[in-house]
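Protein sequences, first through last, are from chains C and E. Residue numbers for the first sequence follow this note's numbering, so the first one is 100 and each next one is one higher. Residue numbers for the second sequence follow this note's numbering, so the first one is 100 and each next one is one higher.
Protein chains: 2
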Amino acid sequence: MRPLNRQCTVSSQSVKVFAPATVANVGCGFDVLGFALHEPGDEVVMRLNNSGKTTISRITGDGGKLPTDPIKNTAGVVVDAFLAHLGQRPGVDIEVHKKMPLGSGLGSSAASSAAAIFAINELMGRPLSRAQLLPFATEGERAACGSAHADNVAPSLLGGFVLVRSYDPLDVVPIPIPKDLVATVIHPHIEIRTEDARSILKKSILLRDAITQWGNIGGLLTGLILNDYGLIGRSLQDVIIEPVRSLLIPEFDTIKRVALECGALGCSISGSGPSIFALSNALPTAGRIADAMKYALRQVGIDSDVYISPINEQGPKVLG
Amino acid sequence: MRPLNRQCTVSSQSVKVFAPATVANVGCGFDVLGFALHEPGDEVVMRLNNSGKTTISRITGDGGKLPTDPIKNTAGVVVDAFLAHLGQRPGVDIEVHKKMPLGSGLGSSAASSAAAIFAINELMGRPLSRAQLLPFATEGERAACGSAHADNVAPSLLGGFVLVRSYDPLDVVPIPIPKDLVATVIHPHIEIRTEDARSILKKSILLRDAITQWGNIGGLLTGLILNDYGLIGRSLQDVIIEPVRSLLIPEFDTIKRVALECGALGCSISGSGPSIFALSNALPTAGRIADAMKYALRQVGIDSDVYISPINEQGPKVLG
Numbered sequence: 100m101r102p103l104n105r106q107c108t109v110s111s112q113s114v115k116v117f118a119p120a121t122v123a124n125v126g127c128g129f130d131v132l133g134f135a136l137h138e139p140g141d142e143v144v145m146r147l148n149n150s151g152k153t154t155i156s157r158i159t160g161d162g163g164k165l166p167t168d169p170i171k172n173t174a175g176v177v178v179d180a181f182l183a184h185l186g187q188r189p190g191v192d193i194e195v196h197k198k199m200p201l202g203s204g205l206g207s208s209a210a211s212s213a214a215a216i217f218a219i220n221e222l223m224g225r226p227l228s229r230a231q232l233l234p235f236a237t238e239g240e241r242a243a244c245g246s247a248h249a250d251n252v253a254p255s256l257l258g259g260f261v262l263v264r265s266y267d268p269l270d271v272v273p274i275p276i277p278k279d280l281v282a283t284v285i286h287p288h289i290e291i292r293t294e295d296a297r298s299i300l301k302k303s304i305l306l307r308d309a310i311t312q313w314g315n316i317g318g319l320l321t322g323l324i325l326n327d328y329g330l331i332g333r334s335l336q337d338v339i340i341e342p343v344r345s346l347l348i349p350e351f352d353t354i355k356r357v358a359l360e361c362g363a364l365g366c367s368i369s370g371s372g373p374s375i376f377a378l379s380n381a382l383p384t385a386g387r388i389a390d391a392m393k394y395a396l397r398q399v400g401i402d403s404d405v406y407i408s409p410i411n412e413q414g415p416k417v418l419g
Numbered sequence: 100m101r102p103l104n105r106q107c108t109v110s111s112q113s114v115k116v117f118a119p120a121t122v123a124n125v126g127c128g129f130d131v132l133g134f135a136l137h138e139p140g141d142e143v144v145m146r147l148n149n150s151g152k153t154t155i156s157r158i159t160g161d162g163g164k165l166p167t168d169p170i171k172n173t174a175g176v177v178v179d180a181f182l183a184h185l186g187q188r189p190g191v192d193i194e195v196h197k198k199m200p201l202g203s204g205l206g207s208s209a210a211s212s213a214a215a216i217f218a219i220n221e222l223m224g225r226p227l228s229r230a231q232l233l234p235f236a237t238e239g240e241r242a243a244c245g246s247a248h249a250d251n252v253a254p255s256l257l258g259g260f261v262l263v264r265s266y267d268p269l270d271v272v273p274i275p276i277p278k279d280l281v282a283t284v285i286h287p288h289i290e291i292r293t294e295d296a297r298s299i300l301k302k303s304i305l306l307r308d309a310i311t312q313w314g315n316i317g318g319l320l321t322g323l324i325l326n327d328y329g330l331i332g333r334s335l336q337d338v339i340i341e342p343v344r345s346l347l348i349p350e351f352d353t354i355k356r357v358a359l360e361c362g363a364l365g366c367s368i369s370g371s372g373p374s375i376f377a378l379s380n381a382l383p384t385a386g387r388i389a390d391a392m393k394y395a396l397r398q399v400g401i402d403s404d405v406y407i408s409p410i411n412e413q414g415p416k417v418l419g
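This is the structure in structure tokens:
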């Protein structure tokens, strides 16, 4: 993207921003579907100063795992890319407060990217729209994961349920959804590295499985837009990724079974796992699913966190 | 399906039914998407008699290629399956008038199946709904093509634009579409056998191509339902089937290019070809596309038929 060389009005000297965790893939939509949760998420505190450089002064909640070098940290990468685009070079200090687990399959790095790009845009007087911020945030994903995936960062930044129709050029489509749709997400306290979850996948798939998958993604989107919960439920099936990645998640089949028994429309792996999501059409159902999932994991000695959340239509927000 | 053993009221002794040609696959929706045209199509004349058996007394327009043996002809197969289901055995005579080219990629056998099942249901007093008739019509497709594809026969029988979400169980979803959507279809006078068009396809595809494809099918359905012509156009891309099958169609790239230059939203192969369809959002545009396509083929000495048709929401109809 060419530098703007635009003189922006700095609207304030500091800002605190929350950006939400996200569920990517959503069963049949590997690499192209995602939605935002109300919780958990990340907080970024950003301050302008006169240093002429970007610093990361503090990271909490990461167990010391994330780099404070701004050219290696996703938050620093997106801020520098954004400022280079504007053609401006104020000093920026960033605090990243991880309020969500790393490596959980809930888009931890995407939430930091989204919070950071939203925060610097606020500080610089909102020169760009959210849609215009998205390419910067996907660059943050490239820094964190090695590839510029958008299925977490797009819903984290834009809110709602999104389809990444294309990566080249980036084409993100907001999907209207039924108002009562609720997600239950369980994060088992085990770790799967995104690289491992990727390397377990084969580069080729059977055409007949792909046909099944694109029938289902078509059905899922049609069901979401037309408020057809029956169709959503029938379409929430993944015959390509879930059968492979679920091998990495202890008791996946049990958790999925109990979720469906409790009335879930469907249940699959969130992102690259180990978190698991279920969708339902009522908060009490989502609560029953949460209890049953957590109980199933506790039976085999695995602790977990559970989140119940309608789809977060807002995306990032300024706190305090 | 279990026999009904239901006593039906025979509503009349003869009926003449038209069922429409269809465009299957629709670019990115191989084996799962299809829509119906207003023309061309097939006509079936069906008469009840006291013979206690099904006969095919006449077939016109097929150049002698179709079998008159009712257990080998798609129309005979669907009628016998339907009557077995009802537990009744009247005599039935069928005339099939092919008003459309065979082996054209426009669902010729599906139109015969749809017309025949619609006609016998009319004659027997409409004991089944159109949705209930669909499994019989797909059996006709199995007789004609060796596999029970539904992406032609479902839109021919149900009308409109349909998604075949699943084949097992059969789950067909009607897709709401923009009212101004128009198809231009050109049938070059060359022949491709469905078996050849199938055998040229590989059994495996790259996962990354499948991801592109399911992004596009998601975009296409979203664009159709939300009346977003821009999104429809961006999504009408097939990176898996078209690059292979288009090799069998002379001047495919030229025809596609001129269609897009004339304002088509997208252009791809109809079914297994050699017919080519383009979608646009206005009848005058569809006309310009038709002229340009026909001219491009004439330049290389290939005659063609061209059809311009809004999506046919009705499906089969009783004539006369």
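All C-beta atoms in this analysis are idealised placements derived from N, C-alpha and C, irrespective of residue type, glycine included. The model shown is predicted, which means the values in this text are computed figures rather than measured ones.
- Under the criterion of beta carbons closer than 8 Å, residue 361 of chain C and residue 384 of chain C qualify as touching, at roughly 7 Å.
- Apart from sequence neighbours up to five positions away, the residues of its chain that approach residue 285 of chain E with a beta-carbon distance below 6 Å are 375, 392, 403, 405, ordered along the chain.
- The residues 153, 191, 215, 219, in chain order, have a CB closer than 6 Å to that of residue 178 of chain C in the same chain once the five nearest residues on each side in sequence are set aside.
- Neighbourhood of residue 265 of chain E in chain C, by CB distance below 9 Å: 311, 314, 315, 318, 333, 334, 336, in chain order.
- One thing to note: residue 121 of chain C has its Cβ no nearer than 8 Å to the Cβ of residue 334 of chain C.
- Look at the region 296–307 of chain C: the residues with a C-beta under 9 Å from a C-beta of chain E are 300, 301, 302, 303, 304, 305, 306, 307.
- For residue 325 of chain E, the chain C residues whose Cβ falls inside 8 Å of its Cβ are 275, 324, in order along the chain.
- Residues of the region 110–138 of chain C that bring their beta carbon within less than 8 Å of a beta carbon in chain E comprise 127, 128, 129, 130, 131, 132, in sequence order.
- Distance check between residue 183 of chain E and each of E/150, E/196, E/235 places E/235 closest, using alpha-carbon atoms only.
- For residue 184 of chain C, the enclosing alpha helix (DSSP H) has its first and last residue at 173–185.
- For residue 138 of chain E, the enclosing beta strand (DSSP E) stretches over residues 132–148.
- Closest in alpha carbon position to residue 270 of chain C, among C/208, C/342, C/341, C/231, is C/231.
- If the five residues before and after residue 258 of chain E are omitted, its C-beta is found closer than 7 Å to the C-beta atoms of 135, 411, 412, 413, 414, all from its own chain and listed in chain order.
- Here the alpha carbons of residue 371 of chain C and residue 251 of chain C stand approximately 11 Å from one another.
- Nearest CB-CB separation between residue 280 of chain C and chain E: not below the 8 Å threshold.
- About 16 Å separates the beta carbon of residue 141 of chain E from that of residue 123 of chain E, a gap too long to meet the 8 Å contact definition.
- Contact between the region 291–305 of chain C and the region 338–346 of chain E is not established, with fewer than three Cβ pairs separated by less than 8 Å.
- In the assembly as shown, residue 304 of chain E is a buried residue. Its beta-carbon has 16 or more other beta-carbons within 10 Å.
- Excluding residues up to 5 positions away in sequence, 281 lie with their Cβ nearer than 6 Å to the Cβ of residue 382 of chain C in the same chain.
- For residue 158 of chain E, the secondary structure class from DSSP, reduced to helix, strand or coil, is strand.
- The closest CA to that of residue 388 of chain E, considering only E/194, E/198, E/357, E/397, is found on E/357.
- With a threshold of 8 Å between beta carbons, residue 272 of chain C makes contact with chain E.
- Residue 165 of chain E and residue 246 of chain E have their alpha carbons spaced roughly 18 Å apart.
- Chain-order list of chain C residues neighbouring residue 321 of chain E: 262, 272, 274, 320, 324, by C-beta distance under 7 Å.
- Straight-line measurement puts the Cα of residue 161 of chain C at about 7 Å from the Cα of residue 201 of chain C.
- Ranked by Cα distance from residue 276 of chain C, the first of C/185, C/114, C/139, C/379 is C/379.
- Rounded to whole angstroms, the separation of the alpha carbons of residue 186 of chain E and residue 369 of chain C is 50 Å.
- Separation of the CB atoms of residue 175 of chain C and residue 169 of chain C is rounded to 3 Å, and the pair is thereby assigned contact status at 8 Å.
- The alpha carbon of residue 195 of chain C has as its nearest neighbour, out of C/249, C/157, C/228, the alpha carbon of C/157.
- DSSP places residue 260 of chain E in the strand class (E or B) of the three-state scheme.
- The beta carbon of residue 257 of chain E does not come within 8 Å of any beta carbon belonging to chain C, so the residue lies off that interface.
- Of all residues in the region 346–370 of chain E, none places a beta-carbon less than 8 Å from a beta-carbon of chain C.
- A distance below 8 Å between beta-carbons, with the five flanking residues on each side excluded, links residue 373 of chain C to the following residues of its chain, in chain order: 203, 204, 286, 287, 289, 290, 291, 347, 348.
- Scanning chain E for C-beta atoms nearer than 7 Å to the C-beta of residue 330 of chain C yields 272, reported in chain order.
- In the three-state scheme derived from DSSP, where H, G and I count as helix and E and B as strand, residue 399 of chain E is classed as coil.
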